[in-house]
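Residue numbers (the working numbering): 4 to 1124.
Below is one structure, written out as structure tokens; the observations come after it.
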């Protein structure tokens, strides 16, 4: 008997299953009961629930439908192998071998053109193509067995006729392509069958075995080996071929199919079912065997007679009812249709066991309307939180908001535990780092929520597996400095080469200093002094020679690896040698036997085996052996390239060896998968974005099934719609849905998933006052809005952000440029260099010296490309080194710069060297007659009025760059003129005016100018120094906003109109090499004082007081010009 239990709740189906075990125990107590499930997670849930129900759950077997039916074939049909010779992997490897032998045939022209388009990766493309074709053949065997038989008979036109009948409006060009695809696929399938049978004489594929087994079941006298009964639980849909087998078996043994039906009314297609047949369908009530009810009520039948039904995009006729079922239920609807249709010729005992759903909440009303196939306005209570929608700015914020939401739920409901919560996402690998960061951190007194991650790829969660796969993909690598250094971040790799964690900063410093950028070998495509070999030669040479000792065999000693640090350089060289040998090995194709050796050696060469790594290494080795044994069994003798092997090993290492983490007594994070939606009190869906869900899967152009639709065909987007429906119905108390609703860069709105949009439209239809709205959360975790009372969403539990949230940005104390109230430290002396630094950039000085805040705009990453140009820093370094060298030494210096990898390669380097040489010689002429510079110490007191008292401040230090008998201050900068270059010589000259007689005005020499600073009297110089020292003292308690980073003379003006614009320019980079100043950017972002004209006037007044005398001549020249 084929018994179908229809219910809307898995808990009820579990109760029925448990009662069957009690009331109908197996005749043989040692015989296992067979329960077909679709995933190990469903089996895990069912075992736990049955154990709760009966006290024990044992002697149960949970096979998947495909493997169970193949087992039946093997047990009942002669010469059927235990392993399927037509499984996808086996077919793929056979096709890799077969396809090249057919490429010269006319029918295979599309394949030939595809593979010939990239000769260097032809085998990899062949592997990908074979994988797609094998997957397609596997689907044909299950869903289009008649096509397989037509190909084997050479009757390709049967398939053509079927497609033409269903698609009469196809254009001629497309139809010709379809005909061509039918021909080459048929020819390839026949060759594949011959190839399999050449290895296994009696090999038979699933479609043929299906027919043979049905014939065996039809013969009542034939002996059969079948289980005493079969249960099917938690499978939303079965392929028609599998269902036919189970229906046929029901004539011999009882088949119990538990169908989780979201709706108690018939909601399947009625276009192909006769009205009198539908009228005759009856349903029995569970525990009320004497009562039954018709499948359709008289009112429903009347509507059908009057052609009152909804029509879907696939021309299905559905009862008028719930639009969500019509939009999302394709997969379940097709299966329901098949079950009802087959009642006509299969003895079936349908049992209804639907459970009413309380309609006292929004979620309950929604589920109840789906159950009753209704579409009525919902009653949305103001504070109903059973179904909530959340919009965030990023995946990280989604997880942070979810964390606060769950803490609030646990706080409100003491009976709710972490195991009652499931969180599902479209792709768990995308969210794994955010989940671990948020749920894994300790947040002061807030409790940690225990959680487990399921379905994430092993390569995403195990660093050793990830690095192993990285090494396998080094064939096309350019070995950038950062990529190779990342390998040394792996503890097992570091330990293998005797490099400690403490060594890594030094290793990175050496790599940068030795000029390593990319490439393994030094003499590949010309001489590459930025290669790893060149850099390591410098490190090892540095053990014995210093850079000053010159070039030796095209290398230059690295000073920092000199002496006792040579052992580390040796270990790095050992690591480089291993990488070089691996890279050389990966360039060649090898047989599978050789690959087995290479892959095994890779484990021992790059990873140390210890207590932490042994399990993972053993698992990788096991997968390597599995692959090798499989290919040997298939007699696969072709040599394989590295990219193919890397891809195959990646696929084999995707699944974790122990993946049963789904129900571990913690909050369950997992991917949305079929029948993953077992009942939970709280169901949360993250990442419901328009582009991410439903997931898209573009069919291959040669997939014939896309042109010939049948009920029960699996389409990824339809499956995802049904998964969303299942998740919504699996929530018992709360359903939480979130998505990225705004861009984190510009705050522009982003689209939510069409499924969520349909859900919102359905809930809000007919609503006037209370509507379901999307809750928009702030972009950052430290936003004050997260901590304010809001009836729409939960306040944050992240106490670490509370101080920032409590900071009132609108209060007066939020103004950055204010006078500090703390008593400043008494200053009695000022060092000259400190005073100069202050005057050169008073804003930077305040941040660094008073606040201890340093803004750095330096990118610490090592460049990974060939340098065709010199960076500004390298250019400055070369110029200033050459200034102190004689012209005859220039050639040696440029050769050293080339060996160090500083100069661009080949002719580019020569061009740069010539330009630098000319510029340096031109500048050297300007400073040739200066003579040797001197320095002088200064130490004197200067009186300043500060804080209502006259203070004597000692000014001391050294003045440099003094030339001639009169100690004239002459500063030179091998660069284009900038106003700030004048500041140091100006201050030195002021000091000379105060401390000595007849001071000569200072001079500044740059590439484009020779400038003599204006002469001044002693009293004026003293007054100017007093201004600087007084403001230096004042900077202890108040930032001195004098703009010195660009053209200072722009702020020595009387017109205030353009000042705001000039200040804003300080925060922007321009095309003339000037970068935005981070210190001024921070100040202007946190002050509003320049909105008042009096503060702009104050800035101009102070700037003029500081530099009015210095730039008086410049302003005069501008005025005259």
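Backbone N, C-alpha and C fix where the C-beta goes; we use that ideal spot for every residue, glycine too.
Since we're looking at a predicted model, the values are computed, not measured.
| Residues of its chain near residue 844, where Cβ-Cβ distance is below 8 Å and the 5 sequence neighbours each way are ignored | As a working note, residue 844 is residue 841 in the chain shown. Correct list, in chain order: 983, 1047, 1048, 1082.
| Run of the alpha helix (DSSP H) containing residue 962, from where it starts to where it stops | Counting from 1 along the chain shown, the entry for residue 962 is found at position 959. Here residue 962 belongs to no alpha helix (DSSP H); instead the beta strand (DSSP E) covers 952 to 966.
| field | Cβ shell of residue 605 (< 8 Å), same chain only, five flanking positions each side left out | value | In the chain shown, counting from the first residue as 1, residue 605 sits at position 602. These residues qualify, in order along the chain: 471, 474, 475, 585.
| query | For the putative contact between residue 656 and residue 623, defined by C-beta atoms under 8 Å, what is the C-beta separation to the nearest angstrom? | reply | Taking the chain shown and counting its residues from 1, one reaches residue 656 at position 653. Taking the chain shown and counting its residues from 1, one reaches residue 623 at position 620. Indeed they touch by this definition, with Cβ atoms about 7 Å apart.
| message | Between which two residues does the alpha helix (DSSP H) holding residue 871 run? | response | Start at 1 with the first residue of the chain shown, and residue 871 comes out as number 868. First-last for residue 871: undefined, no H or E at that position.
| said: So, with DSSP's three-state summary, where would you put residue 709? | reply: Locating residue 709 in the chain shown gives position 706, where the first residue counts as 1. In this structure, residue 709 counts as helix in the three-state DSSP scheme.
| request: For residue 247, I'd like the list of residues in its chain whose CB is within less than 8 Å of its CB, leaving aside the five on either flank, ordered along the chain. | output: Within the chain shown, the letter at position 244 stands for residue 247. Correct list, in chain order: 213, 217.
| message | Rounded to whole angstroms, what is the Cα-Cα separation between residue 765 and residue 219? | response | Position 762 of the chain shown, counting from 1, holds the residue named residue 765. Position 216 of the chain shown, counting from 1, holds the residue named residue 219. Taking the straight line from one Cα to the other gives about 50 Å.
| query | Below 9 Å between beta carbons: does that hold for residue 154 and residue 193? | reply | Taking the first residue of the chain shown as position 1, residue 154 is located at position 151. Taking the first residue of the chain shown as position 1, residue 193 is located at position 190. Result yes, Cβ atoms of residue 154 and residue 193 sit closer than 9 Å.
| field | Classification of residue 812 by the beta-carbon crowding that lies within 10 angstroms, buried from 16 upward | value | For the purposes of this step, residue 812 is taken as residue 809 along the chain shown, with counting starting at 1. Confidence at residue 812 is low in this model, with a pLDDT of 49, below 50, so the placement of that residue should be treated as unreliable; the coordinate-derived value is given next. Exposed, by the Cβ-count rule.
| Does DSSP put residue 910 in a helix, in a strand, or in coil? | Walking along the chain shown from the start, residue 910 turns up at place 907. The answer is helix: DSSP assigns residue 910 an H, G or I state.
| request: Report the residue from 518, 113, 488 whose alpha carbon sits nearest the alpha carbon of residue 578. | output: One-based indexing of the chain shown puts residue 578 at position 575. Closest in alpha carbon position to residue 578, among 518, 113, 488, is 488.
| Where the alpha helix (DSSP H) through residue 411 begins and ends | Position 408 of the chain shown, counting from 1, holds the residue named residue 411. Residues 398 to 415.
| field | Close beta carbons around residue 594, own chain, < 6 Å, minus the five adjacent residues each side | value | On the chain shown, position 591 is the one that residue 594 refers to. Hits under 6 Å: 642.
| field | Other residues of its chain near residue 816: CB distance less than 7 Å, five sequence neighbours each side excluded | value | To locate residue 816, count along the chain shown from 1; it is residue 813. Only weak support is given to the placement of residue 816: the predicted model assigns it a pLDDT of 46, under 50, and the question is left unresolved by the model.
| Contact set for residue 4: own chain, Cβ-Cβ below 7 Å, skip 5 residues either direction | Position 1 of the chain shown, counted from the first residue, corresponds to residue 4. The residues are 253, 257, 350, 352.
| field | Of the residues 52, 275, 270, 1007, the one placed nearest residue 300, counting alpha carbons only | value | Locating residue 300 in the chain shown gives position 297, where the first residue counts as 1. Comparing Cα positions, the closest option is 270.
| field | CB-CB length for residue 639 against residue 96, believed under 8 Å | value | For this step, residue 639 is matched to residue 636 along the chain shown. For this step, residue 96 is matched to residue 93 along the chain shown. That belief holds up - the Cβ atoms of residue 639 and residue 96 are roughly 5 Å apart, short of 8 Å.
| Count the other CB atoms within 10 Å of the CB of residue 348; is the residue buried (16 or more) or exposed (fewer)? | Taking the chain shown and counting its residues from 1, one reaches residue 348 at position 345. Burial call: exposed.
| message | So, with DSSP's three-state summary, where would you put residue 802? | response | On the chain shown, position 799 is the one that residue 802 refers to. Residue 802 falls in the helix class under three-state DSSP.
| Quick one, which of 1032, 976, 109, 790 has its alpha-carbon nearest residue 1's? | With the chain running from 4 to 1124 in the structure shown, residue 1 is simply not present.
| task | Count the other CB atoms, across all protein chains shown, that sit within 10 Å of the CB of residue 147; report buried if there are 16 or more and exposed otherwise. | result | On the chain shown, residue 147 is found 144 positions in, with the first residue counted as 1. The residue is buried, with at least 16 neighbouring Cβ atoms inside 10 Å.
| query | In chain order, what residues of the same chain have a beta carbon less than 7 Å from the beta carbon of residue 399, not counting five sequence neighbours either side? | reply | Counted from its first residue, the chain shown places residue 399 at position 396. Around residue 399, the same chain offers 437 as residues with beta carbons nearer than 7 Å, after the five sequence neighbours per side are excluded.
| task | Grab me the residues of residue 12's own chain with a C-beta within less than 6 Å of its C-beta, minus the 5 sequence neighbours each way, in chain order. | result | For the purposes of this step, residue 12 is taken as the residue at position 9 of the chain shown. A distance below 6 Å between beta-carbons, with the five flanking residues on each side excluded, links residue 12 to the following residues of its chain, in chain order: 358.
| query | Is the Cβ of residue 63 closer than 9 Å to any Cβ of chain B? | reply | Given the protein chain composition of this structure (a single chain), no chain B is represented.
| message | Taking the straight line between their C-alpha atoms, what separation do you get for residue 428 and residue 691? | response | Taking the chain shown and counting its residues from 1, the one referred to as residue 428 is at position 425. Taking the chain shown and counting its residues from 1, the one referred to as residue 691 is at position 688. Taking the straight line joining both Cα atoms gives about 8 Å.
| message | Do residue 676 and residue 726 have their beta-carbon atoms positioned less than 9 Å apart in this structure? | response | If you number the chain shown from 1, residue 726 lands on position 723. If you number the chain shown from 1, residue 676 lands on position 673. Taking 9 Å as the Cβ cut-off, residue 726 and residue 676 qualify as a contacting pair.
| According to the neighbour-count rule (16 or more other Cβ atoms, all chains shown, within 10 Å of its Cβ), is residue 529 buried or exposed? | On the chain shown, position 526 is the one that residue 529 refers to. Residue 529 should be labelled exposed.
| message | On the CB-based measure, 16 or more other CB atoms within 10 Å of its CB, does residue 907 come out buried or exposed? | response | As a first step, residue 907 must be located in the chain shown, where it is residue number 904. Its Cβ being crowded by 16 or more others within 10 Å, residue 907 is buried.
| task | Compare the beta carbon distance of residue 364 and residue 778 with 9 Å and say whether it is the shorter of the two. | result | Your numbering for residue 364 matches position 361 in the chain shown. Your numbering for residue 778 matches position 775 in the chain shown. No, these two residues do not count as a Cβ contact at 9 Å.
| Per DSSP, cross-strand counterpart(s) of residue 455 | Within the chain shown, numbered from 1, the residue matching residue 455 stands at position 452. Per DSSP, 671.
| query | DSSP on residue 1003, reduced to helix/strand/coil? | reply | Locating residue 1003 in the chain shown gives position 1000, counting from the first residue. Residue 1003: coil per DSSP, three-state reduction.
| Looking at residue 937 and the ligand FMN, is the gap between the Cβ and the nearest heavy atom below 8 Å? | Annotation note on the ligand FMN: not contained in the displayed structure, which lists no ligands.
| Every unbroken alpha helix (DSSP H) within the segment 430 to 518, with a cutoff of 4 residues, ordered by chain | 431 to 442, 461 to 464, 466 to 475, 484 to 490, 494 to 499, 507 to 516
| According to DSSP, is residue 621 helix, strand or coil? | As a position in the chain shown, residue 621 is number 618, starting the count at 1. In the structure shown, residue 621 sits in a helix (DSSP, three-state: H, G or I).
| task | Assign residue 496 to buried or exposed, taking buried as 16 or more other Cβ atoms, counted over all protein chains shown, within 10 Å of its Cβ. | result | Residue numbering aside, residue 496 sits at position 493 when the chain shown is read from its first letter. So residue 496 counts as buried.
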